[in-house]
Structure formats: C-alpha cells, structure tokens
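Read through the structure below, which is laid out as structure tokens, and then see the notes.
Residue numbers (UniProt numbering): 1 to 819.
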C-alpha cells in the first residue's frame, strides 16, 4: 500500500472499530501531513480511534537506517498524516488556535522495556488509555505514545495542567518535555522494516478532567505544575544555545541591552502580562492560568507555561518575547522560514530600529567600538541626541546609507558644528576645532577624507562618496555666512572725527587737494557698497604713485585686514585666474603698474568693467556667478608715468604720494581702522554714491594725463610735428620728405624752406618719417607706443577720423587742435 492509499484509509475512521465497554465520541482534528493548512475538525468514537491506532504502516528502511537519517528525512518518512486530540479554530494548527481538547496525547521518549506492565500496575491510573509505538521504537530502545480520552472538552490551559499531572503519576521524567503542548501533532503509527510495532489499550471509564484538576491546590497557578528534572538543564541548554542576549550583534543585542524582560513587558506588553506577587512571575492576561511566565537568568530570558500564550513553551529573550506578541501572526503560513527571514522578525527589527532608547544603545555601541583615535575628539555626553531617532535605519538598527542620513549627521553631530560655507571666499571653512588635527580654518582635500573616515568610524556607516559630498555641500551651505558683511554691520558708530577724506594726506603725504580728498572718499564708499551690494558698479582703480617704502601697500593691507590680497597681476586678467583670486578679497592690490603693454591694459580695462564674474571653478560642474565684493587698487613707483593712452584712463584715479606724513601707517590701530570704515559707512548710509562729480572728473583727467607714460622719443616727435612744411609737401615722394626732415637745419638759402604748419599725422607716418624706420618693420606695439606719445603732446587730438595719407593709405589720424 503506498502512502497515498494509507492517507485515504486513515481519513476514513469509520472503517475502524474495536469492541469495548466504555465508549463515546471525542473531538479530533485530522491532517494529511505536518504541512496541513486546513485541518478537519471531526467527532469520532473512542473505539474507532483505538482500531486505527492498532494499525501501523511499515516503511521500507531499516531501523538502523532510519536512526542515521537527518531529522528532516525522518519527518518525511513518518509523516503519513496525523491528528490533534481536539478541535482547531479555522483549521489552523498554531499557538492560540486550539478551541478545545478531549484526547490526552503524550510522548514517552524514555520508557522502560516493561512500561506497559508497569502502567497496568499503577494504582493511580485507572482510566481508559491506549499505548502505541512511534517510528523510532525498537525492542532495544522503546518509544511509546500514551493516549487517554477525557470525559469532557477542556481548555488548552486545563489540558496542559491535566497532562502534566498524569505524567507525574506515570513518571514525568519518562516523557518528552515538550509533549504537553495543546497544539502538538501526533503521527499515525508507523514502523521501520523489521521492527514489531506495539499497541495495547485498557478499557475503563474516560479520565475525569475535573478530578485531576482538583488534585492541584490551584491548577491555574502554573507554579504548581510539575516538570521533569531535566527542565532546569534544558532551559540552561536552550539559553546557552541562544547565547547571552546582551552579547548578540545587531538589533537583537541592542534591544536586549536596552530592555531586560521586565522592562520590555512594561514598555511594550503591559496589557499582555500582569505582574504577580512573585517578582519573577507574570500571568498571561488572556489565559485562564496564572503565574505562567517565569523570568530567568537575571531577567535575560522568560519561559511561558501558558498553553494559550503565543510565546508558550519557548525560552524567549526580550526581543523575541515582544516579537511573538506584536508580530507573531505575520508568520502564519510562513512557518518554513527561520530566524531573520520570518516576517515577524523583520517587523520587530523595524520597531526596535525606530525605538529611541534602542537607537541610543546602538549609537553608544558604535561610539564605544570606534577603532580610530581622533586626538581632538570632543565630549558629547551632555548633548541632546534625540536627533538620532530621525536617522533611517535598516532592520538591524544600522544607519542606512541614504543621503538624508548623511545630512542629519553632518547637521547635528556636536563635533561638526563648525563646518560652514564662507560666501565671501566661496569655500567651506571651519570655526573652532574638529575631531582631527588640522593646520588652518580653510577646508582642504584632506579634510574631506578625515571627515568621511570619522563619520564611518563613529556611526558605523559608509556612505557612497558622491552622496556624502553632496550632503557636506548642503549642510555647509545651510550655515553660510559672510564675515566681511558681518564686520561692516558690526562696526561701531562713527565718532564724528573726519578721517576718510585726508587718509592719503595723513598717512602717505599726498597733496591735500579736493581731488585727493574726493577719490579717497569715493574709493572707500565704493568698498562699502561692494560689501552691502555685491556686484554693484565700481570700476575705478585708486592708484598710489610714490617711492618705495613709504607704506602704500601697508595702508591698503591695514584697511583690508584679512580680506586684503596683493596676488593679482595684469596677466591674470586674461582668463578666469583673476576672478578666482578675487574670491574672499575686499581690497585687491595690483603692484607696480608701470611698464605694462597696451594689450595688457586693454584687457585690464575690460576686467575692471565687469561687475559679476562667471566661470566654472576647478573641478566644478557648472558655471557659477560671482558678484564682485572686491575693489581694486594699484601701486607704482613710476617716474615716467604708467598709463599708455587716454582711452579708458577714466577708470584710474592716480594720486601722487610723497611720504613724510604726519601719521605713521604702521601705527594705525584696529580701533582707528574701524572708525575709518564707520565713517565711510555713515556716508553710504546717507545715500552718497561712489562717482566723481563733473568738476572732479576734470581734475581726474588732469591727473590721468600726468600719469601717462613718458617716452624719451617724445621730444623728437614734437620737433617733427612742429617743423614747417613746404606748400607742396603732400606731393613729395617719401625719400624726398625723409631728406628734408633730416637736413632741415642745414638748408641753403636758395633751397626751399617750409612755410606751412602740419595739420594732421598718422602713427605709421611718425614711425617711418620721424623715426626713419621702414614700413615693413611696423608692429602693433610700435603703433601703441606712438599713440601714447601723441596722447601726451599738447595741441593734438585723436578724434577717430580717418584720412588717406600719401603711400600709407587710409589711416586713423591725429589732428592739430584749433586754437
């Protein structure tokens, strides 16, 4: 007969019957296998059940082969279907689903060979019963199952109390310690090949449930329930197998280090268990028995003897006790999954990972386990760490590697509060100290690495670097500040003593003139405006022209303080270098302006005109706008001028400084500096702008004219221009004109002399005829130099007009001014 045929016959219990005197209907649930999900609640006669138990199914393996198999293999062989001695709710066999029991079923794992005879001689057992062998049974190692019908339906709690009392009468050490569970499945009889199965029964009245319960002082108090002498050792072995909950890694250990059994019940299960008079015992509130939950090992474990308790029969740590009660129903239909794969575990892990107290334990564990020694680590024992409850965590309580967590850590960790973004410099910098040693307040690439490693070590989370970098950028940006604006807004009130207008007079010995006063004042007002309104129009350069060592640069450095720089050169203005150097600067000095090429000056003019610099920083991804905060000042010790031509010279405000001033710039105090800027701030607040009026523009033009570079050839050009020309000059050939100019002072009386004053000239004409250079050697630089010379010569102007001049073709010309 194959297994399928066996199952079919087993399910039809009406086919079985044994003639007995004491008979009656009993509750039973039948299942085709241990995996049954829809058990069939039935009523059967005791005689029919006896008849079925008397028939053992033989399987093909030998007993020796069976005993060598794994538990899973053994379960598969002996699983020919089975029964539960009562009715199950909705056909589900799980803790709490037993509606009633009426058949006592107990496994004897340690019976003597003459167990049946001993049982029959036991005067305390005088009720109907049956005994049959289980699949592990052999003549040398007997294994039996004791079956006893009850005279009424009993509750699961009553069932366990009755089962334990009967086991005590027979000898409780003979029984499997887990056999008292009301949900326990009993397989139908089967045996290995070559093993003679055992079956016998005793015909007597059904066991009186009430009589057995009455033998207890109070059967509802589980402390009276008997247990085998092995149970203390079993619980110890179970505890040893589970391991110390306090030593467990991950979320389970963290939860158990946060809550012992008593604390976990008080916090999460106050309606599930009630405290008894004994501090180590609790009563399952939904059960009918009392004091069934026992706390062991210094509140590390609890064992519930309540048969209807979902945690009944299990040694639980605090995590598992809460898990079973909160989320145990999630495991329905997923009993094949184990440990962390069970839905209840995942749900409990989520609960624990969102529990503030558990999170504090996890974070303390992380801090205590930090392996790196950061010499500047700051104590944070007194800081508020409630923000850590907002961190997103996985089911083990570990911090997830999402960017929002990186932001939370960087925003809230007390040791990282000094990281901020300096709007002026356009870079991250640090106020105060960080956990690692560093040389300055400015952020370095090394600080990126130090921060990343420090967070990984402290919080045990390794964020993807791109996420971490973005989080750092966001947090620093949220703490943006402008130290220069803060300085200006924090200036003291002006004391009313004028200092601004005569600043260059008092400290550098400049001429005390309306022009000097005006350009000094407007420059300082422009500096204030650039701070309050970055990018506002201010494209002029105050140029201090004087001998070395009198304090020109020192004065600018004193005024600018930490926001002064002298790193800019004219060559920098050709690309983004100059714009980058302006970041973080208030007063930028361009030193030694003389000797520059006209091409450099032209680039400089365009650079000065810009109010907003747009460029992509090194390693940057996008072009960014940087409204200017800086003003630019120049210094020179030129004795021959520093401006090459009048075009665009309006941007330069030259002031000659001679030294020998009444005040020493090196003695300027911070208080004096603050009052100078406070005065400039007062003028700005009154609405004064940074532009010269028409009268001062004229004075500036004079200063700019005086600052034009002097060329030693200027006299030669003047002589050339003032030489009188013959009336037919413009019809002469080049060679004749050159000879005339070279020999004009030695012409004989009979030779033609000039009578006409030159009215126009072009630069190429001066190059070839005044300097005697061939046209083929002409360069743009030559043209720039001649234009600069012409710009200095009074009485001539460049109007932009063009004219055709001899063999030079169409040229831009200088014309003599009309008197």
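Glycine included, every Cβ here is placed at the ideal spot set by N, Cα and C.
From a predicted model like this one, the values you see are computed outputs, not experimental measurements.
Cβ-based neighbour list, residue i, same chain, cut-off 6 Å, excluding 5 preceding and 5 following
i	result
residue 154	101 and 209
residue 164	180, 225 and 226
residue 680	500, 524, 525 and 528
residue 132	53, 145, 189 and 199
residue 223	291
residue 411	475
residue 735	none
residue 463	401 and 406
Residue i (DSSP reduced to helix, strand or coil)
i	result
residue 811	strand
residue 850	An answer regarding residue 850 cannot be provided, because it is not within the stretch 1 to 819 covered by the chain.
residue 69	coil
residue 801	strand
residue 668	coil
residue 779	coil
residue 125	coil
residue 353	helix
residue 675	helix
residue 694	helix
residue 595	Residue placement at residue 595 is poorly supported in this model, since its pLDDT is 49, which falls under 50; the coordinates are not used for a value here.
residue 313	coil
residue 285	coil
residue 341	helix
residue 602	helix
residue 18	coil
residue 770	helix
residue 100	strand
residue 195	coil
residue 302	strand
Residues near residue i by beta carbon distance below 8 Å, same chain, minus five either side
i	result
residue 824	The first residue shown for the chain is 1 and the last is 819, placing residue 824 beyond what the model contains.
residue 840	Outside the displayed span of the chain (1 to 819) sits residue 840, for which this structure offers no information.
residue 674	491 and 492
residue 831	In the structure as shown, the chain begins at 1 and stops at 819. Residue 831 is therefore absent and cannot be evaluated.
Residue burial classification, residue i (beta-carbon count within 10 angstroms, cutoff 16)
i	result
residue 231	exposed
residue 820	This structure leaves residue 820 out entirely; the chain is present only between 1 and 819.
residue 595	Per-residue confidence for residue 595 stands at a pLDDT of 49, beneath the threshold of 50, marking its modelled position as unreliable; no derived number is given.
residue 710	exposed
residue 256	buried
residue 449	exposed
residue 123	exposed
residue 240	exposed
residue 476	buried
residue 604	buried
residue 649	buried
residue 25	exposed
residue 393	buried
residue 134	buried
residue 182	buried
residue 538	buried
residue 384	exposed
residue 388	buried
C-beta neighbour in chain B for residue i, strict 8 Å
i	result
residue 494	In summary, chain B is missing from the structure at hand, where a single protein chain is found.
Cut-off 7 Å between Cβ atoms - residues of its own chain near residue i, not counting five sequence neighbours on either side
i	result
residue 33	79 and 81
residue 808	762, 764 and 765
residue 331	342, 343 and 344
residue 391	399, 405 and 408
Distance CB(residue i)-CB(residue j) smaller than 8 Å
i	j	result
residue 635	residue 565	no
residue 273	residue 284	yes
residue 471	residue 403	yes
residue 258	residue 358	yes
residue 426	residue 583	yes
residue 563	residue 587	yes
residue 547	residue 432	no
residue 202	residue 128	yes
residue 657	residue 504	yes
residue 767	residue 793	no
Heavy atom of the ligand MN within 7 Å of residue i beta-carbon
i	result
residue 567	For the ligand MN, the structure offers nothing, since it holds no ligand at all.
Exercise for the section: May I have a chain-ordered list of the alpha helix (DSSP H) segments no shorter than 4 residues that lie completely inside the region 141-176? Expected result: As far as the region 141-176 is concerned, its whole alpha helix (DSSP H) runs of at least 4 residues are 156-170.
Exercise for the section: Ignoring anything shorter than 3 residues or poking outside the region 391-441, list the beta strand (DSSP E) runs there in chain order. Expected result: With a minimum length of 3 residues, the continuous beta strand (DSSP E) runs that stay inside the region 391-441 are 419-422 and 427-430.
Exercise for the section: Please go through the region 704-735 and give each complete alpha helix (DSSP H) segment of 4 or more residues, from N-terminal end onward. Expected result: Correct list: 714-722.
Problem - Length at least 4, wholly inside the region 500-568: the alpha helix (DSSP H) runs in chain order - result: Complete alpha helix (DSSP H) runs here, min 4: 503-508, 514-532 and 552-560.
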